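>
Residue numbers (this note's numbering): 12 to 162.
Put into structure tokens, the structure is as follows:
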């Protein structure tokens, strides 16, 4: 299992929760209830970061978020391709698709143990004669991280 490698969002989540608690103490519960959205947003961002996991074995790759999951069969890989990130902090996403049509998105640089799951994905793709685009190959060869020269 690969846990998140980046926890930047937890700082923002902690700041949001601390702000709400500070306002609760200084302004009272009525005011704090009016701005409860700050706490809800902070908890949502924190959960998004802390609850994501990438689970892998020789036959299956699964990404989970709490009770929800998406999985692909690594014995039936059809393609691995990279898509550029749409936000400044994103390094892009690698999409792994199997022949059953299941697809798992892996955010680049987001999970630890890339030196294990990166080569595993490349081996599975080679065994299945799956299409792997060049950016994905470079990222997976570099442990799930964008190489210094970029992709």
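Heads up, the beta-carbon is just placed ideally off N, CA and C, and yes, glycines get one too.
Please read these numbers as outputs of a predicted model, since none were measured by experiment.
Measuring only the C-alpha atoms, how far is residue 35 from residue 42?
Here residue 35 refers to the residue found at position 24 of the chain shown. Here residue 42 refers to the residue found at position 31 of the chain shown. Cα to Cα, the separation comes out at about 7 Å.
> Between which residues of its own chain and residue 40 is the CB-CB distance below 8 Å, once the five residues before and five after are set aside?
Within the chain shown, numbered from 1, the residue matching residue 40 stands at position 29. Nothing listed; no residue qualifies.
> Whole angstroms are fine: how far does the CA of residue 92 sit from the CA of residue 158?
Against the chain shown, residue 158 aligns to sequence position 147. Against the chain shown, residue 92 aligns to sequence position 81. One C-alpha to the other measures close to 16 Å.
> Going by C-alpha distance, which of 80, 21, 81 and 155 is nearest residue 102?
Within the chain shown, numbered from 1, the residue matching residue 102 stands at position 91. Comparing Cα positions, the closest option is 155.
> Do you know offhand how far residue 31's Cα is from residue 21's?
Looking up residue 31 in the chain shown gives position 20. Looking up residue 21 in the chain shown gives position 10. Approximately 15 Å, taken between the alpha carbons.
> Could you name the residues of the same chain whose beta carbon sits closer than 8 Å to that of residue 70, not counting the 5 residues immediately before and after it, in chain order?
Counted from its first residue, the chain shown places residue 70 at position 59. If we look at residue 70 and ignore the five residues flanking it on each side, its Cβ neighbours are 84, 85 and 86.
> Kindly indicate the opening and closing residues of the alpha helix (DSSP H) around residue 56.
Along the chain shown, one-based indexing puts residue 56 at 45. Per DSSP, residue 56 belongs to the alpha helix (DSSP H) from 47 to 61.
> State whether the stretch 74 to 84 contacts the stretch 107 to 117, with contact taken as three or more CB pairs (one from each stretch) at a distance under 8 Å.
yes
> Going by DSSP in three states, residue 116 sits in which element: helix, strand or coil?
Stepping through the chain shown from its first residue, residue 116 is reached at position 105. The answer is strand: DSSP assigns residue 116 an E or B state.
> Out of 114, 59 and 148, which has the shortest C-alpha to C-alpha gap to residue 129?
Against the chain shown, residue 129 aligns to sequence position 118. Ranking the options by Cα distance to residue 129, first place goes to 148.
> What's the C-alpha gap between residue 97 and residue 59?
By one-based count along the chain shown, residue 97 stands at place 86. By one-based count along the chain shown, residue 59 stands at place 48. Roughly 18 Å separates the two Cα atoms.
> So, under 8 Å CB-CB, residue 122 and residue 65 are touching, yes? Tell me the CB distance rounded to an integer number of Å.
For the purposes of this step, residue 122 is taken as the residue at position 111 of the chain shown. For the purposes of this step, residue 65 is taken as the residue at position 54 of the chain shown. Their Cβ separation, rounded to whole angstroms, is 4 Å, which keeps residue 122 and residue 65 in contact under 8 Å.
> Where do the ends of the beta strand (DSSP E) carrying residue 81 lie?
Start at 1 with the first residue of the chain shown, and residue 81 comes out as number 70. Counting along the chain, the beta strand (DSSP E) containing residue 81 begins and ends at 79 to 84.
> On a Cα-Cα basis, can you pick out the residue from 44, 45, 38 and 51 that is closest to residue 27?
Residue 27 sits at position 16 when you count from the first residue of the chain shown. Looking at the Cα atoms, 51 is the closest of the given residues.
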